[in-house]
Amino acid sequence: MIVVICGPTGTGKSSFAIKLAKAIDGEIINGDAFQVYKHLNIATAKPSEEAFKEVPHHLYDISEVDEDYTVAHYQKDARIAIDNVRKRGKTPIIVGGSGLYIRATLYDYEFSEMPKVDLSEYESKTNSELHNYLSEIDKESANKIHPNNRKRLLRAIEIYLATGESKSAIEAKQKQELIEEAHFFALDIDRKLLYEHLDERVNKMVEAGLFEEVENLLKKHPHNARAFEAIGYKQVVQGKQCNLTKAEIIADIQKATRNYAKRQIAYFKHQLPTIWVKSWDEVANILEDLYDGRKN
């Protein structure tokens, strides 16, 4: 059995996972797309060094900032991590809010190797032009991808050019079934309270040195590194390029964080069989009932 502690950012997933791991003899596997990157600590809310020492943690700090660590890489590494945890007789506990990464690991997603495609012709196009072209070759994906999400637009076009099939057609061939026994849990928190907490959380990240962390990273890595797509880093990088004030950048981070939490809630409600709890303490009781049910 695999336990998944998921849901929106800022709901105490990491700290609860440590408590749960101690209670059920588990080990924690990162389920966050950006906590895999070294040196991205503050805005990703990566667990502290002290937390890492309390129980075994896996798939944190495994990629360099300028590496393109994709969902396909994560799927492979996460499945290996799950197997290794089981071999030690422990319970795998996946913790994070990157729904696609978690789903790709526990469902029958297949990522085939694709030939290299020259996208230079498309990289020069505007977002509107890319979205219009995608609508012609893959209407279903175009309807799902925001017209300003340039990265996803280019990715969908790349898949079509490399395979001759649309992204949606390839996904339709997959059964989208769980290949593991997994139980998903998320905290059901009042939206207004969550947003207020997230705004304050961003303020605390700034106090902890977020701007300084980004500035130090930019001295060593290109500003377009994939890692800088993470919320917090992205807004600081873009804000400095546009000469925004610190207050304006902070407001942008807060807005992006709230929007991300909203998307996470929608994803975990509609894409995964998530059990929503009012308190993390409910999880232990539910798992205990599952164990008792097995015995009977």
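Its first residue numbered 0, the sequence shown is counted upward by one per residue in numbering that gives the first Met the number 0.
Don't be surprised by glycine CBs; every beta carbon is placed ideally from N, CA and C.
All values derive from a computational prediction rather than experimental measurement.
If we cut at 8 Å on Cβ distances, does residue i have a partner in chain B?
i     : result
THR90 : The structure shown has no chain B; it contains just one protein chain.
Under three-state DSSP, which class holds residue i?
i      : result
ILE230 : coil
LEU177 : strand
ASN295 : Low per-residue confidence applies at ASN295: pLDDT is 49, beneath 50, and the placement is therefore not dependable enough to give any value.
HIS182 : strand
TYR259 : helix
ASN242 : coil
SER97  : coil
VAL213 : helix
ALA324 : No statement about residue 324 is possible, as the shown extent of the chain runs from 0 to 295 and does not include it.
VAL236 : helix
LYS12  : helix
Given a cut-off of 8 Å, decide if residue j and residue i are closer than it, judged by their beta-carbon atoms.
i      : j      : result
ILE81  : ALA207 : no
PRO55  : ILE27  : yes
VAL70  : TYR106 : no
ALA229 : PHE33  : yes
TRP279 : PHE15  : yes
GLY98  : GLN270 : yes
ALA255 : GLN234 : yes
ALA283 : LEU58  : no
PHE183 : THR104 : no
TYR232 : VAL213 : yes
GLN263 : GLY96  : yes
LEU286 : ILE92  : no
Which residues does DSSP list as the beta-bridge partners of residue i?
i      : result
ILE27  : HIS56, ILE92
THR273 : PHE183
TYR106 : LEU177
SER62  : TYR36
Using 8 Å for Cβ pairs, my map puts residue i next to residue j. What's the rounded Cβ distance?
i      : j      : result
VAL94  : ILE4   : 5 Å
VAL116 : HIS220 : Their Cβ separation, rounded to whole angstroms, is 25 Å, which puts VAL116 and HIS220 out of contact at 8 Å.
LEU197 : ARG257 : 6 Å
THR90  : MET0   : 7 Å
ARG102 : ASN126 : The Cβ separation is near 26 Å, so there is no contact.
GLY11  : LEU186 : 7 Å
VAL35  : ILE17  : Going by Cβ atoms, the distance from VAL35 to ILE17 rounds to 19 Å, so no, they are not a contact pair.
SER165 : SER140 : 7 Å
LEU152 : LEU118 : About 11 Å; that fails the 8 Å criterion.
HIS38  : LEU217 : Their Cβ separation, rounded to whole angstroms, is 11 Å, which puts HIS38 and LEU217 out of contact at 8 Å.
ASP137 : ALA161 : That pair is no contact at about 13 Å.
Go to residue i, then tell me how far its alpha helix (DSSP H) extends in each direction, as first and last residue.
i      : result
ILE4   : Counting along the chain, ILE4 falls outside any alpha helix (DSSP H), though it belongs to the beta strand (DSSP E) covering 1-5.
ASN40  : Run containing ASN40: none; DSSP gives neither H nor E here.
PRO129 : The question names Pro, but residue 129 in the sequence shown is Leu. 126-136 is the extent of the alpha helix (DSSP H) around LEU129.
LYS191 : 190-206
TYR73  : 70-86
GLU157 : 149-162
SER123 : Careful: SER123 lies outside any alpha helix (DSSP H) and carries neither H nor E.
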